[in-house]
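**Student:**
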Amino acid sequence: MSKVSKSPWLLHYDASSCNGCDIEVLDCLTPKYDIERFGIINTGDPFQADILLITGGVNSQTESVVKQIYSQMPEPKVVVAVGICACTGGVFKECYNIKGGIDTVIPVDVYVPGCAARPESIIDGVVKALQILDEKQTALRQNGGDS
Amino acid sequence: MAKRSIVPFGPQHPVLPEPVHLDLVLEDETVVGAIPSIGYVHRGLEKLVEKRDFKQYVYIAERICGICSCGHGLGYCMAVENVMGIEVPDRAKYLRTIWIEMSRVHSHLLWLGLLADAMGFESLFMESWRLREKILDMFDETTGGRIIHSVNQVGGVQKDMDSTMLNDVLRAVEDLQKELKPVIDTFLQDYTVQSRLKGTGILKRDDAIAMGAVGPMLRASGEPYDVRMLGYAAYGDLSVEPVISTGCDSYARCEVRLKELLQSFDLIREAIGKIPEGPVSVPVKGNPSGEYFVRIEQPRGEAIYYIKGNGTKYLDRFRLRTPTTSNIPPMVEMLKGCQLADVPILILTIDPCVSCTER
Chain D
29 MSKVSKSPWL LHYDASSCNG CDIEVLDCLT PKYDIERFGI INTGDPFQAD
79 ILLITGGVNS QTESVVKQIY SQMPEPKVVV AVGICACTGG VFKECYNIKG
129 GIDTVIPVDV YVPGCAARPE SIIDGVVKAL QILDEKQTAL RQNGGDS
Chain G
-8 MAKRSIVPFG PQHPVLPEPV HLDLVLEDET VVGAIPSIGY VHRGLEKLVE
42 KRDFKQYVYI AERICGICSC GHGLGYCMAV ENVMGIEVPD RAKYLRTIWI
92 EMSRVHSHLL WLGLLADAMG FESLFMESWR LREKILDMFD ETTGGRIIHS
142 VNQVGGVQKD MDSTMLNDVL RAVEDLQKEL KPVIDTFLQD YTVQSRLKGT
192 GILKRDDAIA MGAVGPMLRA SGEPYDVRML GYAAYGDLSV EPVISTGCDS
242 YARCEVRLKE LLQSFDLIRE AIGKIPEGPV SVPVKGNPSG EYFVRIEQPR
292 GEAIYYIKGN GTKYLDRFRL RTPTTSNIPP MVEMLKGCQL ADVPILILTI
342 DPCVSCTER
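Line order of the protein sequences matches chains D and G.
So the number in my numbering is just where the residue sits in the first sequence, counting from 1, plus 28.
For the second sequence, position 105 (counting from the first letter as 1) is numbered 96 according to my numbering, and the numbering increases by one without interruption.
What follows is the structure, encoded as structure tokens:
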């Protein structure tokens, strides 16, 4: 990554994770890993978010919430699936209430595997998401969309 | 009469990392009722016991919750061992005790950070989580995982700690205790913290007992009840005294958890001093047949594990009652009469773990 052209805001949602990845996502914001040095902050408001971090497989009750949050985020937006449950369903894949990975509900741009995903790999995923965000922004401008 | 309105709280909200939904019934700014609805993290893990054999299920049990992971593995393994009549080696019992006390330290520091964050005390949040990294580093060194450790197995533990690791844990505990002193002082003496916590969320001792509160919630209401007194794992050889406070409010709950941190440091030191040599696991033959209840003290309170085996490698039933389940009725009671702005802090003081509760 050559440069960060934007200070992206994160939105984190737990779509039925075991908490393991969630506390690691929060860990990224605290002094040891500190992704705020890239200008990234955690917001609770979908309308202000650029990157959506989702942990855990989707179950029947969170499905509509995930779709709603995704639709509330402004374009361009990037979705990062954190942890193996968010990627494929993981160890919970055979549970009766799990539909599978996040990509069964909304499009996912970056997959971060691991159980629980380590903060280093989550940061790596977010940095990849930044590149994709840049590309989407450029494409949006060319199509005469949001400047 | 003031106008009544209902404010939905959650499931996606900035207070907790987990989805939980509450309908708050308000009269102006005062909460008169709260209706919790859960199910956002329900996966159906108890049912999965029919598809995984009883040794594999340890890994699923540990993933019921990422914060209480070590305890869930321990509770499940103890239940299976009791059904099968397996005697776990002494060294394994001590190692289990050390790991579960370390996980108590990590869980309480995590909670303290979230509480500071809910009060808007950002630097205290960062400091608590910075200190928590020391314990996570020790987990990384001794088990190979930061959050999910997978150390418990039926018949003992998977990994041994050599003397270098034990010394590193001792040193980390020493450092942590020294660095934690100013944090504890801030939580207990700072004016802003006291003004948010003192006198809010009153839960009287009789109410706490009647509504079945457990763990630090119950002990902060003055009832000396701690399941570690039963002496499972190596607790029988160690000196465990319940930490209590008689304040009955949010401040008392914070105080109990702070003192439990110091108690955990003492227990880790004592266990490392007394740990015997020997094997860390015994071979397991046959399949479980019969049923058993196990109670253990998780960081959030008493958790109950029930298993029923039928003589095959698949269990018939696994049941878990988590501390948060027991603490929800007292929480709803506590919320009545509080101000809307205090709701996030009051919810946090029960240390809710939605992932355990819904499985």
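Just so it is clear, CB atoms sit at the ideal spot from N, CA and C, and this is done for glycine as well.
These figures come from a predicted structure and were not determined experimentally.
Report the neighbours of Lys60/D on chain G: residues whose CB is nearer than 7 Å to its CB, in chain order.
**Tutor:** For the purposes of this step, residue 60/D is taken as the residue at position 32 of the first sequence. Here the neighbours are Arg121 and Glu124.
**Student:** Please report the residue range of the beta strand (DSSP E) in which Ile26/G lies.
**Tutor:** Reading the second sequence from its first residue, position 35 is the one you call residue 26/G. That run of the beta strand (DSSP E) goes Thr21 to Ser28.
**Student:** Taking 8 Å as the threshold (beta carbon to beta carbon), is Val32/G in contact with chain D?
**Tutor:** Residue 32/G sits at position 41 when you count from the first residue of the second sequence. Chain D, which has a Cβ nearer than 8 Å to the Cβ of Val32/G, makes this yes.
**Student:** Please check if any C-beta of chain D sits within less than 8 Å of the C-beta of Cys68/G.
**Tutor:** In the second sequence, the residue the question calls residue 68/G occupies position 77. Not closer than 8 Å to any Cβ of chain D, the Cβ of Cys68/G fails to qualify, so no.
**Student:** Excluding the 5 residues preceding and the 5 following Asp108/G in the sequence, name in chain order all residues of the same chain whose CB lies nearer than 6 Å to its CB.
**Tutor:** Numbered from 1 along the second sequence, position 117 holds the residue referred to as residue 108/G. Answer for Asp108/G: Phe116, listed in chain order.
**Student:** Select from Asp151/G, Pro10/G and Phe45/G the residue whose C-alpha is nearest the C-alpha of Ser28/G.
**Tutor:** Here the question's residue 28/G lines up with position 37 in the second sequence. If we check each option's Cα against that of Ser28/G, Pro10/G comes out closest.
**Student:** What residues in the region 42 to 74 of chain G bring their beta carbon closer than 8 Å to a beta carbon of chain D?
**Tutor:** Cβ contacts with chain D: Lys42, Tyr50, Ile51, Arg54, Ile55, Cys56, Gly57, Ile58 and Ser60.
**Student:** Give the single residue among Gly30/G, Ala25/G, Met75/G and Ile58/G whose Cα lies nearest to the Cα of Ile298/G.
**Tutor:** Position 307 of the second sequence, counted from the start, is the residue given in the question as residue 298/G. Ranking the options by Cα distance to Ile298/G, first place goes to Met75/G.
**Student:** When burial is assigned at 16 or more other CB atoms within 10 Å of the CB, is Asn87/D buried or exposed?
**Tutor:** Counting from one through the first sequence, the residue named residue 87/D turns up at place 59. Its Cβ being crowded by 16 or more others within 10 Å, Asn87/D is buried.
**Student:** Can you tell me whether Asp50/D is helix, strand or coil according to DSSP?
**Tutor:** Within the first sequence, residue 50/D is the residue found at index 22, counting from 1. Residue state, collapsed to three classes: helix.
**Student:** Could you name the residues of the same chain whose beta carbon sits closer than 6 Å to that of Trp102/G, not counting the 5 residues immediately before and after it, in chain order?
**Tutor:** Translated into the one-based positions of the second sequence, residue 102/G becomes position 111. Asp342.
**Student:** Grab me the residues of Tyr223/G's own chain with a C-beta within less than 7 Å of its C-beta, minus the 5 sequence neighbours each way, in chain order.
**Tutor:** Counting from one through the second sequence, the residue named residue 223/G turns up at place 232. Excluding sequence neighbours, Tyr223/G sits near Met69 and Ile287.
**Student:** Looking at chain D, which residues of the region 125 to 152 of chain G have a Cβ within less than 7 Å of any of its Cβ atoms?
**Tutor:** Taking 7 Å as the Cβ-Cβ cut-off against chain D, the residues of the region 125 to 152 of chain G that qualify are Arg137, Ile138 and Ile139.
**Student:** What residue ranges within the region 100 to 142 of chain G form continuous alpha helix (DSSP H) runs of no fewer than 4 residues, ordered along the chain?
**Tutor:** Taking only runs of at least 4 residues, the alpha helix (DSSP H) segments lying wholly in the region 100 to 142 of chain G are 113 to 134.
**Student:** Helix, strand or coil for Ser175/D per DSSP?
**Tutor:** Against the first sequence, residue 175/D aligns to sequence position 147. Low confidence applies here, because Ser175/D scores a pLDDT of 49, under 50, leaving its location unreliable; read the following figure in that light. If DSSP states are grouped into helix, strand and coil, Ser175/D belongs with coil.
**Student:** What separation, rounded to the nearest whole angstrom, lies between the Cα atoms of Ile259/G and Lys84/G?
**Tutor:** Taking the second sequence and counting its residues from 1, the one referred to as residue 259/G is at position 268. Taking the second sequence and counting its residues from 1, the one referred to as residue 84/G is at position 93. Going from the Cα of Ile259/G to the Cα of Lys84/G covers about 13 Å.
**Student:** Three or more beta-carbon pairs under 8 Å between the region 230 to 242 of chain G and the region 308 to 321 of chain G, yes or no?
**Tutor:** At 8 Å Cβ cutoff, the stretches do not touch.
**Student:** Along the chain, where does the alpha helix (DSSP H) that runs through Ser419/G open and close?
**Tutor:** No answer is possible for residue 419/G: the residues shown for chain G start at -8 and end at 350.
**Student:** Between the beta-carbon of Leu161/D and the beta-carbon of Lys60/D, is there less than 8 Å?
**Tutor:** Residue 161/D sits at position 133 when you count from the first residue of the first sequence. Residue 60/D sits at position 32 when you count from the first residue of the first sequence. No, they are not a contact pair.
**Student:** Going by beta-carbon coordinates alone, are Ile151/D and Ala114/D separated by less than 8 Å?
**Tutor:** Your numbering for residue 151/D matches position 123 in the first sequence. Your numbering for residue 114/D matches position 86 in the first sequence. Not closer than 8 Å, so no.
**Student:** Go ahead and label Phe75/D buried or exposed: buried means 16 or more other beta carbons lie within 10 angstroms of its beta carbon, across all protein chains shown.
**Tutor:** Numbered from its first residue, the first sequence carries residue 75/D at position 47. Exposed.
**Student:** Nearest-angstrom Cα distance between Glu163/D and Ala109/D?
**Tutor:** Mapped onto the first sequence, residue 163/D falls at position 135. Mapped onto the first sequence, residue 109/D falls at position 81. For Glu163/D and Ala109/D, the distance between alpha carbons rounds to 19 Å.
**Student:** Have a look at Arg310/G and Val40/G and give me their C-alpha separation to the nearest angstrom.
**Tutor:** Looking up residue 310/G in the second sequence gives position 319. Looking up residue 40/G in the second sequence gives position 49. Those two C-alpha atoms are separated by around 10 Å.
**Student:** Pick helix, strand or coil for Tyr216/G, following the three-state DSSP scheme.
**Tutor:** Counting from one through the second sequence, the residue named residue 216/G turns up at place 225. Correct three-state label for Tyr216/G: coil.
**Student:** Does chain D have any CB closer than 8 Å to the CB of Leu100/G?
**Tutor:** Counting from 1 along the second sequence, the entry for residue 100/G is found at position 109. So no, Leu100/G is outside the interface.
**Student:** Against chain G, which members of the region 146 to 158 of chain D pass a CB distance test of less than 9 Å?
**Tutor:** Residues Arg146 and Pro147.
**Student:** Quick check: the Cα distance between Gly111/D and Met101/D, rounded to an integer number of angstroms?
**Tutor:** Working through the first sequence from its first residue, we reach residue 111/D at position 83. Working through the first sequence from its first residue, we reach residue 101/D at position 73. The alpha-carbon atoms of Gly111/D and Met101/D are separated by roughly 22 Å.
**Student:** Does any residue of chain D bring its CB to less than 8 Å from the CB of Gly35/G?
**Tutor:** Position 44 of the second sequence holds residue 35/G. At least one chain D Cβ lies under 8 Å of Gly35/G.
**Student:** Put Ile79/D into one of helix, strand or coil per three-state DSSP.
**Tutor:** Locating residue 79/D in the first sequence gives position 51, where the first residue counts as 1. Of the three classes helix, strand and coil, the one that applies to Ile79/D here is strand, per DSSP.
**Student:** So, does the CB of Glu113/G fall closer than 8 Å to a CB anywhere in chain D?
**Tutor:** To locate residue 113/G, count along the second sequence from 1; it is residue 122. Not one chain D Cβ lies under 8 Å of Glu113/G.
**Student:** Pick helix, strand or coil for Thr340/G, following the three-state DSSP scheme.
**Tutor:** In the second sequence, residue 340/G corresponds to position 349, counting from 1. Helix, per DSSP.
**Student:** When you compare the region 263 to 271 of chain G with the region 178 to 194 of chain G, are there three or more beta-carbon pairs, one atom per stretch, that lie closer than 8 Å?
**Tutor:** At 8 Å Cβ cutoff, the stretches do not touch.
**Student:** Please determine if the region 47 to 62 of chain G and the region 185 to 197 of chain G are in contact, where contact requires at least 3 C-beta pairs separated by less than 8 Å.
**Tutor:** Taking 8 Å as the limit for Cβ pairs, the verdict is that the region 185 to 197 of chain G does not touch the region 47 to 62 of chain G.
**Student:** Could one say the Cβ of Pro207/G lies closer than 8 Å to chain D's Cβ atoms, at least one of them?
**Tutor:** As a first step, residue 207/G must be located in the second sequence, where it is residue number 216. No, its Cβ sits nowhere closer than 8 Å to a Cβ of chain D.
**Student:** Any chance the region 34 to 46 of chain D sits against the region 61 to 69 of chain D, with 3 or more Cβ pairs inside 8 Å?
**Tutor:** Yes, the region 34 to 46 of chain D is in contact with the region 61 to 69 of chain D.
**Student:** Spatial neighbours of Ile139/G within its chain, please: CB distance less than 8 Å, with the 5 preceding and 5 following residues excluded, ordered by chain position.
**Tutor:** Numbered from 1 along the second sequence, position 148 holds the residue referred to as residue 139/G. For Ile139/G, where only same-chain residues beyond five positions count, the Cβ hits under 8 Å are Glu53, Arg54, Gly57 and Ser60.
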